[in-house]
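Undergrad:
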Amino acid sequence: LDLLSRLREAADEFPPPPGEKYSYGTAGFRADGSRLGSTVFRTGVLAALRSLKTEKVIGLVITASHNHEHHNGIKIADPDGGMLTLDWEEYAEMMANAGNSDLLLKVVEDVIKREDIQGGSPSGKVFLARDTRSTGPALIEAARKGIEAVQGVVAENKGILTTPQLHWMVRATNKDEIGSELQYFQTLSNAFRLLLDLGPSNLFKPETLIVDASNGVGASKILELGQKLEALDMEIRNTGGKGNVLNYLVGADFVQKEKVFPLNFDASSDQDKRCVSVDGDADRLVYFYFGPSQTDKSLAMHLLDGDKIMALFSSFILDQLRMMEKSTNFVGESDSRPPNVVIPGYGTVKLGVVQTAYANGASTNYLQQKLGLEVALTPTGVKHLHARAEAYDIGIYFEANGHGTILMQESFVDWLREHGNTLPSVEGRTAVKRLVAVSELFNSGVGDALSGILMVEIILRYREWSIQQWDSIYTDLPSKQLTIKGVDRSLITTTADETRVKSIPQLQDAIDVEVAKYKAGRSFVRPSGTENLVRVYAEAATQESAVTLAEAVGRLIL
Ligand code: 16G
Ligand code: ZN
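Quick note, the sequence shown lines up with residues 25 to 582 if you use the numbering used here.
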């Protein structure tokens, strides 16, 4: 095949390390950065083929997110800025695991045949970006060689970007909009300003926001965004540089999992301040503050995780829909059908929220009971939550770890833009404008910590809330997470919502027996999708009992 005339020679430069098996997990391929050359090269080839097939720009980002600096990974952004479709994940794995260049060529030819990919024109394009890891530049080179080993496809290196930025740029470019990084910043900052303008006059001005940038790519990007926004004072810490290691005792993953504060934060001098942590590639965020602990008078860290962020977002969106509904003077049994808001001229606006089994029980309760929303549960991994959220006109999803977004159907946003100004009241029309601005603020491909920060900051200003007031909308049930190593994780499979073990009924029975011993007890185990271990989650009425329950369930697995 003409298309592949350069492939063999190029592939010989990147032989796969013997004995390694790669799987395109929830977050793409992950491994030690020094052992990823062949995988990255081959994923470059795949992205090139995907670009020829779709006749659109594809994105490749080199990152291992919140993991150690020496890890690295590669992830593909599809033309719509979302994640790679499932059937192509399979191709990616077949290519990554081909034992030598001959076998690789065979797989590639097979994919070309199955997908009926035509060579020559039209030509394809792949955007490349990376985070701040030291193995990044060499891996970008490997990806570029893989992409350009396919005839008629070019690589365009976009340099250092957050993962969501790259997704955004791919989507915008494919929609024939300006897909530059500058435009990304402009879009977010314009939406932020517009939302402030649409808010209460005499806007409440909270104290400076303190940002933990995880010593990663988020540092420079948040700084750049902040410079465009007068109304948002930020102090950025853990910005990388000498001796400051990416994700080491810093960042959203560390803060959320360990429930301790990051390096360069201090309980007493930072007491009561509003703080936010992002992760190494800035697609996750969690807020926190230091204040008196609930049990004694010592200062404790209070975590506002993805669940609490979602609760805040959901109540704001719901408020806007209610305002639109009220504006129409629609008289229906509005109290008897809380989850669905009816807007004459459009019909029922379906609003839904999506969580995983890790969502704190108190958050689910708040969303269902207090807000009256429909809560869907999916398996862990953004692609699952995202797909489920697409079933709604407005779908809001978050993992407890801080990865999430607000998704709006394009047809719904189009309706708002075209007909929103026909609503009779000013309040209703303002609510419409706010929703349109929210749709601009959020990355519709993946979660974006920068969008998340801006949205939180807007809502706190609207509500005139401190972080403590936000925190008090509900109280988290105490919880504990454990990892169990040294067991074969593939032996454990679970139900679709990951709340119950399917493969070993006796294990689930034994877990049930443990859980029944605890007040407000809940526990589940699942195989990690990113590491060779099994995870345990437990919730109970007190922290002590959550820990004992997690440990008891952990012992059942060993
Ligand atoms: C990945 C996922 C994240 C998920 C985590 C679970 C993406 C972009 N990231 O980091 O959503 O929470 O994996 O890891 O999908 P685990 O399977 O090891 O628990
Ligand atoms: Zn991340």
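Where is the CB? At the ideal position from N, CA and C, for every residue including glycine.
Compute the minimum distance between the beta carbon of Gly304 and the heavy atoms of the ligand ZN, and state whether it is under 7 Å.
TA: Sequence index remark: in the sequence shown, residue 304 carries index 280 (1-based). At least one heavy atom of the ligand ZN is nearer than 7 Å to the Cβ of Gly304, so yes.
Undergrad: For the alpha helix (DSSP H) that Glu20 lies in, which residues bound it at each end?
TA: The chain is shown only over 25 to 582; residue 20 falls outside these bounds and no answer can be derived.
Undergrad: Quick one: any contact between the segment 63-75 and the segment 109-119, if contact means 3 or more CB pairs under 8 Å?
TA: Touching, yes.
Undergrad: Provide the residue(s) that pair with Val81 in DSSP beta bridges, ordered along the chain.
TA: Your numbering for residue 81 matches position 57 in the sequence shown. For Val81, which the question treats as bridged, DSSP gives the partners Lys149.
Undergrad: Starting from the Cα of Ile418, find the closest Cα among Val378, Lys407, His443, His408 and give me that residue.
TA: Along the sequence shown, read from residue 1 onward, the residue named residue 418 stands at position 394. Per the Cα distances, Val378.
Undergrad: Would you call Gly97 buried or exposed, if buried means 16 or more other Cβ atoms sit within 10 Å of its Cβ?
TA: Sequence index remark: in the sequence shown, residue 97 carries index 73 (1-based). Gly97 comes out buried.
Undergrad: Starting from the N-terminal side, write out each stretch of the beta strand (DSSP E) that is 3 residues or longer and does not extend beyond the segment 533-557.
TA: Runs found: 546-551.
Undergrad: Quick check on the DSSP output: the beta strand (DSSP E) that includes Glu180 runs from which residue to which?
TA: As a working mapping, residue 180 is identified with position 156 in the sequence shown. Run containing Glu180: 177-184, per the beta strand (DSSP E) assignment.
Undergrad: Can you grab the Cα-Cα spacing for the pair Glu522 / Glu33, in whole Å?
TA: Stepping through the sequence shown from its first residue, residue 522 is reached at position 498. Stepping through the sequence shown from its first residue, residue 33 is reached at position 9. Roughly 45 Å between the two C-alpha positions.
Undergrad: Tell me which same chain residues have a C-beta within less than 6 Å of the C-beta of Tyr311, skipping the five on either side of it?
TA: The residue labelled residue 311 in the question sits at position 287 within the sequence shown. Cβ neighbours of Tyr311 beyond the five flanking positions: Val300, Leu328.
Undergrad: Measuring only the C-alpha atoms, how far is Gln175 from Ser75?
TA: The residue labelled residue 175 in the question sits at position 151 within the sequence shown. The residue labelled residue 75 in the question sits at position 51 within the sequence shown. Gln175 and Ser75: Cα-Cα distance of roughly 12 Å.
Undergrad: Would Ala153 pass as a contact of Gly183 if the rule is Cβ separation under 8 Å?
TA: Along the sequence shown, read from residue 1 onward, the residue named residue 153 stands at position 129. Along the sequence shown, read from residue 1 onward, the residue named residue 183 stands at position 159. Yes, the Cβ-Cβ distance between Ala153 and Gly183 is below 8 Å.
Undergrad: Between Val525 and Val558, is the Cβ-Cβ spacing less than 8 Å?
TA: The sequence position of residue 525 within the sequence shown is 501, counting from 1. The sequence position of residue 558 within the sequence shown is 534, counting from 1. No; because the gap between Cβ atoms is not below 8 Å, this pair is not in contact.
Undergrad: Under 8 Å, do Gly242 and Lys350 count as touching if we go by C-beta distance?
TA: By one-based count along the sequence shown, residue 242 stands at place 218. By one-based count along the sequence shown, residue 350 stands at place 326. No. Outside cutoff.
Undergrad: Just to confirm the assignment, what range does the alpha helix (DSSP H) spanning Asp24 have?
TA: There is simply no residue 24 to check, as the chain begins at 25 and stops at 582 in what is shown.
Undergrad: To which residues of the same chain is Ile234 closer than 6 Å at the C-beta, ignoring the five residues directly before and after it?
TA: Taking the sequence shown and counting its residues from 1, one reaches residue 234 at position 210. The answer, listed in chain order, is Glu259, Lys297, Cys299.
Undergrad: Relative to the alpha-carbon of Ala424, which residue among Gln433, Pro502, Lys332 has its alpha-carbon at the smallest distance?
TA: Taking the sequence shown and counting its residues from 1, one reaches residue 424 at position 400. Out of Gln433, Pro502, Lys332, Lys332 has the C-alpha closest to the C-alpha of Ala424.
Undergrad: With 16 as the cutoff for other CB atoms within 10 Å, does Asn91 come out buried or exposed?
TA: Locating residue 91 in the sequence shown gives position 67, counting from the first residue. Flag for Asn91 reads buried.
Undergrad: Is the Cβ-Cβ distance between Pro502 and Glu563 less than 8 Å?
TA: Along the sequence shown, read from residue 1 onward, the residue named residue 502 stands at position 478. Along the sequence shown, read from residue 1 onward, the residue named residue 563 stands at position 539. It is a contact, given that the beta carbons lie within the stated cut-off.
Undergrad: With three or more C-beta pairs closer than 8 Å as the rule, is the segment 135-143 touching the segment 279-293?
TA: Because the criterion of three Cβ pairs below 8 Å is not met, the segment 279-293 and the segment 135-143 do not touch.
Undergrad: On the DSSP bridge assignment, give the partners of His95 in chain order.
TA: On the sequence shown, residue 95 is found 71 positions in, with the first residue counted as 1. DSSP, once it has assigned bridges, lists Asp56 as partnering His95.
Undergrad: Between which two residues does the alpha helix (DSSP H) containing Tyr370 stretch?
TA: Along the sequence shown, one-based indexing puts residue 370 at 346. Unbroken run through Tyr370: none, as it is neither H nor E.
Undergrad: Less than 7 Å between the CB of Arg513 and some heavy atom of the ligand 16G, yes or no?
TA: Taking the first residue of the sequence shown as position 1, residue 513 is located at position 489. The answer is no for Arg513.
Undergrad: Can you have a look at Thr404 and say buried or exposed, based on whether 16 or more other CB atoms are within 10 angstroms of its CB?
TA: Locating residue 404 in the sequence shown gives position 380, counting from the first residue. Classification of Thr404: buried, given that the 10 Å Cβ count is 16 or more.
Undergrad: Compare the Cα-Cα distances from Pro40 to each of Ala55, Ala72, Val135 and report the closest residue.
TA: Here residue 40 is taken as the residue at index 16 of the sequence shown, counted from 1. Pro40 has its Cα closest to that of Ala55, out of Ala55, Ala72, Val135.
Undergrad: Rounded to a whole number of angstroms, what is the C-alpha to C-alpha distance between Ile491 and Met479?
TA: To locate residue 491, count along the sequence shown from 1; it is residue 467. To locate residue 479, count along the sequence shown from 1; it is residue 455. Computed Cα separation, rounded: 14 Å.
Undergrad: Smallest Cα separation from Pro188: which of Thr446, Val539, Lys504, Asp155?
TA: Taking the first residue of the sequence shown as position 1, residue 188 is located at position 164. With distances taken between Cα atoms, Pro188 lies closest to Asp155.
Undergrad: Is His90 near the ligand ZN, going by C-beta to nearest heavy atom under 7 Å?
TA: Reading the sequence shown from its first residue, position 66 is the one you call residue 90. At least one heavy atom of the ligand ZN is nearer than 7 Å to the Cβ of His90, so yes.
Undergrad: Between Leu336 and Glu481, what straight-line distance do the alpha-carbon atoms span, to the nearest angstrom?
TA: As a working mapping, residue 336 is identified with position 312 in the sequence shown. As a working mapping, residue 481 is identified with position 457 in the sequence shown. Looking at the two C-alpha atoms, the distance is approximately 11 Å.
Undergrad: Just curious, the beta strand (DSSP E) that Ala324 is in, first and last residue?
TA: Against the sequence shown, residue 324 aligns to sequence position 300. Here the beta strand (DSSP E) through Ala324 covers 323-328.
Undergrad: By how many angstroms is the C-alpha of Arg59 removed from the C-alpha of Val460?
TA: Counting from 1 along the sequence shown, the entry for residue 460 is found at position 436. Counting from 1 along the sequence shown, the entry for residue 59 is found at position 35. Distance between the alpha carbons of Val460 and Arg59 is about 45 Å.
Undergrad: Please report the distance separating the alpha-carbon of Arg485 from that of Pro224.
TA: Position 461 of the sequence shown, counted from the first residue, corresponds to residue 485. Position 200 of the sequence shown, counted from the first residue, corresponds to residue 224. Approximately 9 Å between the Cα atoms of the pair.
Undergrad: Going residue by residue through the segment 211-255, where are the continuous alpha helix (DSSP H) segments of at least 4 residues, counting only ones entirely within it?
TA: Correct list: 242-251.
Undergrad: Using only alpha-carbon positions, find the residue among Phe548, Val571, Ile136 that is nearest to Lys77.
TA: Numbered from 1 along the sequence shown, position 53 holds the residue referred to as residue 77. Selected option, being the one with the closest Cα: Ile136.
Undergrad: Which residue wins for smallest C-alpha separation from Thr211, given the options Phe466, Gln433, Tyr561, Glu538?
TA: On the sequence shown, residue 211 is found 187 positions in, with the first residue counted as 1. Nearest C-alpha to Thr211: Phe466.
Undergrad: On a CA-only basis, which of Glu254, Gly264, Ala255 is nearest Ser244? Give me that one, please.
TA: Start at 1 with the first residue of the sequence shown, and residue 244 comes out as number 220. If we check each option's Cα against that of Ser244, Gly264 comes out closest.
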